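The listed protein sequences derive, respectively, from chains A and B. Mapping the first sequence onto our numbering, position 52 (from 1) lands on 52, and the numbers just tick up by one. Every position in the second sequence, counted from 1, becomes a number in our numbering once 147 is added. Cβ coordinates follow ideal geometry from the N, Cα and C atoms, glycine included. Keep in mind it's a predicted model, so treat the numbers as computed, not measured.
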Amino acid sequence: MQRDHDDIMWGAILALLGLGVAAYAAACYDMGSLRRMGPGFFPVMLGIVLAVLGAAIAVPAWWRKGVARPLYWREALGVTASLMLFSVLMGTAGIVVATVVTTLVASSVAPRGGTLWRVVLAVVVAALTWLIFIAGLSMSIPVWPWS
Amino acid sequence: MTTLEGLAHGLLVALQPSILIYSLLGAVLGTLVGVLPGIGAMAAITLLLPITYHISSEAALVMLAGVYYGAQYGGAVASILLRLPGTPQSAVTTLDGYPMAQQGRAGVALFTSMVSSFAGAMLGILILVVLSGWLAGMATSFGAADYAAMMVMGLVAASTIGNSRPVKSLAMVVVGLIAGCIGTDVNSGVQRLTFGQTQLLDGINLVALAMGLFGVAEVIANIQGADRHGPPSRVSLRQLIPTRDDVRRMVGPILRGTGLGGLFGALPGTGSTISSFLAYGLERRIARKPERFGNGAIEGVAAPESANNSASITAFVPTLTLGIPGDPIMALMLGALVIHGIQPGPTLLTSHPDMFWGLVVSFGIGNLFLLVLNLPLIGIWVSILRIPFRWLYPAIIVFICLGVYSVRGSTFDIFMVGGIGITGYALTRAAFSPALLLLGFVLGPLIETNLRRAMLVSRGDAMIFLERPVACAFVVATVLLLIWPVVKRIIPKR
Numbered sequence: 001m002q003r004d005h006d007d008i009m010w011g012a013i014l015a016l017l018g019l020g021v022a023a024y025a026a027a028c029y030d031m032g033s034l035r036r037m038g039p040g041f042f043p044v045m046l047g048i049v050l051a052v053l054g055a056a057i058a059v060p061a062w063w064r065k066g067v068a069r070p071l072y073w074r075e076a077l078g079v080t081a082s083l084m085l086f087s088v089l090m091g092t093a094g095i096v097v098a099t100v101v102t103t104l105v106a107s108s109v110a111p112r113g114g115t116l117w118r119v120v121l122a123v124v125v126a127a128l129t130w131l132i133f134i135a136g137l138s139m140s141i142p143v144w145p146w147s
Numbered sequence: 148m149t150t151l152e153g154l155a156h157g158l159l160v161a162l163q164p165s166i167l168i169y170s171l172l173g174a175v176l177g178t179l180v181g182v183l184p185g186i187g188a189m190a191a192i193t194l195l196l197p198i199t200y201h202i203s204s205e206a207a208l209v210m211l212a213g214v215y216y217g218a219q220y221g222g223a224v225a226s227i228l229l230r231l232p233g234t235p236q237s238a239v240t241t242l243d244g245y246p247m248a249q250q251g252r253a254g255v256a257l258f259t260s261m262v263s264s265f266a267g268a269m270l271g272i273l274i275l276v277v278l279s280g281w282l283a284g285m286a287t288s289f290g291a292a293d294y295a296a297m298m299v300m301g302l303v304a305a306s307t308i309g310n311s312r313p314v315k316s317l318a319m320v321v322v323g324l325i326a327g328c329i330g331t332d333v334n335s336g337v338q339r340l341t342f343g344q345t346q347l348l349d350g351i352n353l354v355a356l357a358m359g360l361f362g363v364a365e366v367i368a369n370i371q372g373a374d375r376h377g378p379p380s381r382v383s384l385r386q387l388i389p390t391r392d393d394v395r396r397m398v399g400p401i402l403r404g405t406g407l408g409g410l411f412g413a414l415p416g417t418g419s420t421i422s423s424f425l426a427y428g429l430e431r432r433i434a435r436k437p438e439r440f441g442n443g444a445i446e447g448v449a450a451p452e453s454a455n456n457s458a459s460i461t462a463f464v465p466t467l468t469l470g471i472p473g474d475p476i477m478a479l480m481l482g483a484l485v486i487h488g489i490q491p492g493p494t495l496l497t498s499h500p501d502m503f504w505g506l507v508v509s510f511g512i513g514n515l516f517l518l519v520l521n522l523p524l525i526g527i528w529v530s531i532l533r534i535p536f537r538w539l540y541p542a543i544i545v546f547i548c549l550g551v552y553s554v555r556g557s558t559f560d561i562f563m564v565g566g567i568g569i570t571g572y573a574l575t576r577a578a579f580s581p582a583l584l585l586l587g588f589v590l591g592p593l594i595e596t597n598l599r600r601a602m603l604v605s606r607g608d609a610m611i612f613l614e615r616p617v618a619c620a621f622v623v624a625t626v627l628l629l630i631w632p633v634v635k636r637i638i639p640k641r
C-alpha cells in the first residue's frame, strides 16, 4: 500500500499547530463579542481553519502514492548551522572571524571537494564584507575579537 | 492633477540624480539575479530590503521595482540559453526560447525577449496610469467591510488559481495569517503568541521572514542542482538582429501578451507567472500552425515575455491604490512603503504625488536603461551564467546575516532566519508555497483590523458583508473560487 508520507506528516503537523493555536488563544486571550472582537477572536478562528485544512491534506494522502523528492538534509543543516554560528560569533569574535567561519561551514556542503578554493572564498568574502559594511556603510559592529 | 501634469511632475522626480542612480542600480542588480538560476527576484528584493531603511521612500521603491522588472529581463537569458528559468515568470520562455538557441538563433531569441519585455512594460505603464486613476476614484467610497472582503478574495484567488493543490496553498496562507498575529495586538495592547519573548513584541520581522523563506530556503534547494548544466552558447551582437519575417511575427503576440498581462497583473491573486502561461496558451490556440510551438516559434518568446513584464507593472495598481498586494513581491513592496510610514490607499495619488508619479515615470526610464544596457552587455550576462553557484551562495549567506542584522541590530533575528530558513526549505520540498505564507503574513493584520472595524460599524451583524454591494461581490467571488476546484474534480473530463 503506497502512501503519501510527506502530506500525511505535514497535514498532521499543520492540524496540530492549528488546534494548538486555537486552544492557546482561547485560553489566554479575550474572545470578545462579534461586535467588539477581542484579541483572541482572529487567532482562534484561524487556528480552527488551519486544523480543518491540515486534516484535509493528511486524510486523502493515506490512500495516495507520494512523490519521491530528494532531501538535502546535509545542505539544510550546513546552511542553518552557518547562519546560527554567524549570529553567535558576530558579537563575540567580530565580523571577520564570523564571516570566515560562516563561509567555511556553508561551503563545506558544496558538491565539489578540495580545500584551497574554500579558503580563498572565505578570505575574499571576508574582505568584501569588510569593504562594503565597515569601510563603505560604516556599520558599528566589532571587526576583530579584541576590538 | 491631470494625467499629463502628473507625468510631467513624475519626470521631475524621476530625473533627480539620486533617483536615477537607484533606478539604474535596481535594474542592473535585477538583471544580474534574474540571469543567475537559483536566486529569484524575491530573494533579491529581500536582500535589498534592509538598504531601503536608509534611503528615501521614492528611491527605495524605484530601486526595488527596478529589481523586479530587471529580473524579468535577466530571467529570460537563462531560460533561452540553458533551459533553466532564472525566474518562475520566464519558465514558459524555455519552451520555444531554448529550441531557438539550439537552432543557432539564440541571439534573435534574446533580442525578441528584450524588445517584447520593453514593449510590454511601456504599454503596461499606460494601463497602470489609466487603471489606478479610475480605481482610486472608486475606492474612496470603500468601507472596512469592502477592504476585508477584497483582501480575503485576493488570498483565496492566489491560492486557487493555477495551483494544482489549492488545499495546501490555503493552509500556507492561514499559517501566514497566524504568523501575522504574533506580537502586540493594536486594538487591545495584548501580547499575542509571543510566549514571553520580548524580541517578538513587534511581531516577526518581515525582512527576517522573507530572507528565511526565500534567501535561505532557495540556497539550500539549489546547492546541488544549480551547476548541473553545460556551458551556454556564445552570443555576439550581430546574431541579435532579427529577420523581417521575425519582426512581422512578433507584433501581434506582443500586443496580445501585453493586454493579457496588463489585465491579469492588476487583478489581486493572479500575477506575472500566470499571465505568461496564459499568453503562451493564447498564441498557441490562435496560431495557424500550432505544431510550430515548442520547436522554436518566435511568438512563443514574444508573448510570455511581454505579458510578464506588463503584469509586473500593473501589479502596482492594487498595491498603490488600494494598499492590497496581489502577489508576494508586491507584499514586500508594500512592506517597504510601510517601513517609511506610507500606508498606500486611494489617497496615495493625492497625498504622495511625488511617490506615485515618480515611480510611474521611473518604470519607463528603468526599462529604457534595461533595453539600452542589456543589448550591448549581453555578452557579460552570458558569461555570468558560467559562475558556479558554489562560489556565490556562501557570500549570499553572509549578506543575508548582515542584511537582517542591519535592520534593527538584533542577532536574535539572524537566529530566526536560520530557523525560518530550514522550515521554509522543508515546506518547499513538500510542495507547499512559502510565497503564499508571506502574502498571508503581510495581509493578516490588515484583514484583522478591517474585519474588527467592519463588525464594530455594523454592531456585530455579519450581514454587512452581504448588504454592501462591493463587499458582497467579493464574497460571492471568494465562494466561487473555493467551489471551482471541487466542481472541476467532480465533473468528468471530456
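Within the region 217-281 of chain B, note down every full alpha helix (DSSP H) run reaching 4 residues or more, in order along the chain. Counting whole runs of 4 or more residues, the region 217-281 of chain B contains the alpha helix (DSSP H) stretches 240-247.
Chain B contact for G91 of chain A (CB, 8 Å cutoff): Position 91 of the first sequence, counted from the first residue, corresponds to residue 91 of chain A. In terms of beta-carbon proximity, G91 of chain A lines the interface with chain B, with at least one pair separated by less than 8 Å.
Expressed to the nearest angstrom, what Euclidean distance is found between the alpha-carbon atoms of A454 of chain B and T234 of chain B? On the second sequence, position 307 is the one that residue 454 of chain B refers to. On the second sequence, position 87 is the one that residue 234 of chain B refers to. C-alpha separation (whole angstroms): 14 Å.
For a test of the three-state rule: what should DSSP assign to M477 of chain B, helix, strand or coil? For the purposes of this step, residue 477 of chain B is identified with residue 330 of the second sequence, where counting begins at 1. Three-state result, M477 of chain B: helix.
List the DSSP bridge partners of R660 of chain B. Because chain B spans 148 through 641 in this model, residue 660 of chain B falls outside it and cannot be assessed.
Please list, in chain order, all residues of the same chain as Y215 of chain B whose beta carbon is under 7 Å from its beta carbon, the five residues on each side excluded. The count along the second sequence starts at 1 and reaches residue 215 of chain B at position 68. Taken in chain order, the residues that qualify are G177, A188, I192, S459, I476.
Compile a chain-ordered list of the residues in the region 520-540 of chain B whose CB is closer than 9 Å to at least one CB of chain A. The residues in question are P535, F536, R537, W538, Y540.
Nearest chain B C-beta to V130 of chain A closer than 8 Å, yes or no? For the purposes of this step, residue 130 of chain A is taken as the residue at position 130 of the first sequence. For the record, residue 130 of chain A in the displayed sequence is Trp; it is not Val. No, W130 of chain A does not count as interfacial toward chain B.
For chain A, is any of its Cβ atoms less than 8 Å away from the one on F562 of chain B? On the second sequence, residue 562 of chain B is found 415 positions in, with the first residue counted as 1. Cβ-Cβ to chain A under 8 Å: yes for F562 of chain B.
Can you tell me which of the three DSSP states G32 of chain A falls into? If you number the first sequence from 1, residue 32 of chain A lands on position 32. The three-state reading of DSSP puts G32 of chain A in strand, counting E and B together.
Runs of beta strand (DSSP E) wholly within the region 295-326 of chain B (minimum 3 residues, chain order): DSSP runs (the beta strand (DSSP E)) wholly in the region 295-326 of chain B: none.
Looking at the strands, I want to know which residues DSSP matches up with M37 of chain A. As a first step, residue 37 of chain A is located in the first sequence; it is residue number 37 there, counting from the start. Answer by DSSP bridge pairing, in chain order: A:G32.
In chain A, which residues lie with their C-beta within 7 Å of the C-beta of G607 of chain B? Within the second sequence, the letter at position 460 stands for residue 607 of chain B. Residues of chain A whose Cβ lies closer than 7 Å to the Cβ of G607 of chain B are, in chain order, S33, L34, R35.
Which value, in whole angstroms, describes the spacing of the CA atoms of L231 of chain B and T575 of chain B? Here residue 231 of chain B refers to the residue found at position 84 when the second sequence is read from its first residue. Here residue 575 of chain B refers to the residue found at position 428 when the second sequence is read from its first residue. Cα to Cα, the separation comes out at about 18 Å.
Following the continuous alpha helix (DSSP H) through H156 of chain B, name the residue where it begins and the one where it ends. Position 9 of the second sequence holds residue 156 of chain B. Per DSSP, H156 of chain B belongs to the alpha helix (DSSP H) from 150-161.
Whether D332 of chain B touches R339 of chain B by CB criterion (8 Å): Residue 332 of chain B sits at position 185 when you count from the first residue of the second sequence. Residue 339 of chain B sits at position 192 when you count from the first residue of the second sequence. It is a contact, given that the beta carbons lie within the stated cut-off.
Name, going along the chain, the residues of the region 109-143 of chain A whose beta-carbon falls closer than 9 Å to a beta-carbon of chain B. Cβ contacts with chain B come from V109, A110, P111, R112, W117, R118, L121, A122, V124, V125, A126, L128, T129, I132, F133, L137, M139, S140, I141.
For the alpha helix (DSSP H) containing W631 of chain B, name the first residue and the last one. Translated into the one-based positions of the second sequence, residue 631 of chain B becomes position 484. W631 of chain B -> alpha helix (DSSP H) spans 616-637.
Exposure of V394 of chain B, with buried meaning 16 or more beta-carbon neighbours within 10 Å: If you number the second sequence from 1, residue 394 of chain B lands on position 247. With fewer than 16 other CB atoms across the displayed protein chains lying within 10 angstroms of its CB, V394 of chain B is exposed.
Cβ of D501 of chain B less than 8 Å from any chain A Cβ? By 1-based counting over the second sequence, the position of residue 501 of chain B is 354. No, its Cβ sits nowhere closer than 8 Å to a Cβ of chain A.
Can you check whether the C-beta of A305 of chain B is within less than 8 Å of a C-beta belonging to chain A? Walking along the second sequence from the start, residue 305 of chain B turns up at place 158. Not closer than 8 Å to any Cβ of chain A, the Cβ of A305 of chain B fails to qualify, so no.
Could you name the residues of the region 592-605 of chain B whose beta carbon sits closer than 9 Å to any beta carbon of chain A, in the order they occur along the chain? Along the region 592-605 of chain B, the positions whose C-beta sits under 9 Å from a C-beta of chain A are I594, E595, L598, R599, M602, L603, S605, read in chain order.
Close Cβ partners of I48 of chain A (< 6 Å) along its chain, the five nearest in sequence each way excluded: One-based indexing of the first sequence puts residue 48 of chain A at position 48. If you ignore the 5 residues before and after I48 of chain A, its C-beta comes within less than 6 Å of the C-beta of A22, all in its own chain and listed in chain order.
Under 7 Å, CB to CB, which of the residues in the region 50-76 of chain A have a partner in chain B? Residues L50, L53, G54, A56, I57, R69, L71, Y72, E75, A76.
Three CB pairs or more closer than 8 Å across the region 250-260 of chain B and the region 382-394 of chain B: In short, these stretches touch, since the Cβ pair count reaches three.
Hey, how far is the Cα of I512 of chain B from the Cα of S170 of chain B? Within the second sequence, the letter at position 365 stands for residue 512 of chain B. Within the second sequence, the letter at position 23 stands for residue 170 of chain B. When only Cα atoms are considered, I512 of chain B and S170 of chain B end up about 8 Å apart.
Just to check my reading of the structure: A601 of chain B and I594 of chain B have Cβ atoms closer than 8 Å, yes? What is that Cβ distance to the nearest angstrom? As a first step, residue 601 of chain B must be located in the second sequence, where it is residue number 454. As a first step, residue 594 of chain B must be located in the second sequence, where it is residue number 447. Not quite, the Cβ-Cβ distance comes to about 10 Å (not below 8 Å), so this is no contact.
With a CB to CB cut of under 6 Å and the five nearest residues on each side skipped, what residues in its chain are close to L628 of chain B? As a working mapping, residue 628 of chain B is identified with position 481 in the second sequence. Contacts found: V303, A304, T307.
By Cβ distance, which residues of its chain are closer than 6 Å to F41 of chain A, with the 5 residues on each side in sequence left out? The residue you call residue 41 of chain A lines up with position 41 of the first sequence. Cβ within range, chain order: M31, G32.
Supposed close pair M298 of chain B, I471 of chain B - CB separation, criterion 8 Å: On the second sequence, position 151 is the one that residue 298 of chain B refers to. On the second sequence, position 324 is the one that residue 471 of chain B refers to. Separation of the CB atoms of M298 of chain B and I471 of chain B is rounded to 6 Å, and the pair is thereby assigned contact status at 8 Å.
Using DSSP with H/G/I as helix, E/B as strand and the rest coil, what is W62 of chain A? For the purposes of this step, residue 62 of chain A is taken as the residue at position 62 of the first sequence. Residue state, collapsed to three classes: coil.
Please classify Q2 of chain A as buried or exposed, where buried requires at least 16 neighbouring CB atoms within 10 angstroms. In the first sequence, residue 2 of chain A corresponds to position 2, counting from 1. Under the 10 Å beta carbon count, Q2 of chain A is surrounded by fewer than 16 other beta carbons and is classified as exposed.
For S147 of chain A, which residues in chain B fall below 9 Å Cβ to Cβ? Counted from its first residue, the first sequence places residue 147 of chain A at position 147. Near S147 of chain A there are no residues of chain B at all, since even the closest Cβ is about 17 Å away, more than 9 Å.
Measure the C-alpha to C-alpha separation of Y572 of chain B and V100 of chain A and round it to an integer number of angstroms. Counting from 1 along the second sequence, the entry for residue 572 of chain B is found at position 425. Counting from 1 along the first sequence, the entry for residue 100 of chain A is found at position 100. Approximately 24 Å, taken between the alpha carbons.
A23 of chain A at chain B interface by Cβ criterion, 8 Å: Here residue 23 of chain A refers to the residue found at position 23 of the first sequence. For A23 of chain A, the answer is no, since every Cβ of chain B falls outside 8 Å of its Cβ.
Minimum C-alpha distance to W10 of chain A - residue among A:V109, A:A58, A:T103: Within the first sequence, numbered from 1, the residue matching residue 10 of chain A stands at position 10. Of the candidates A:V109, A:A58, A:T103, the one whose C-alpha sits nearest the C-alpha of W10 of chain A is A:A58.
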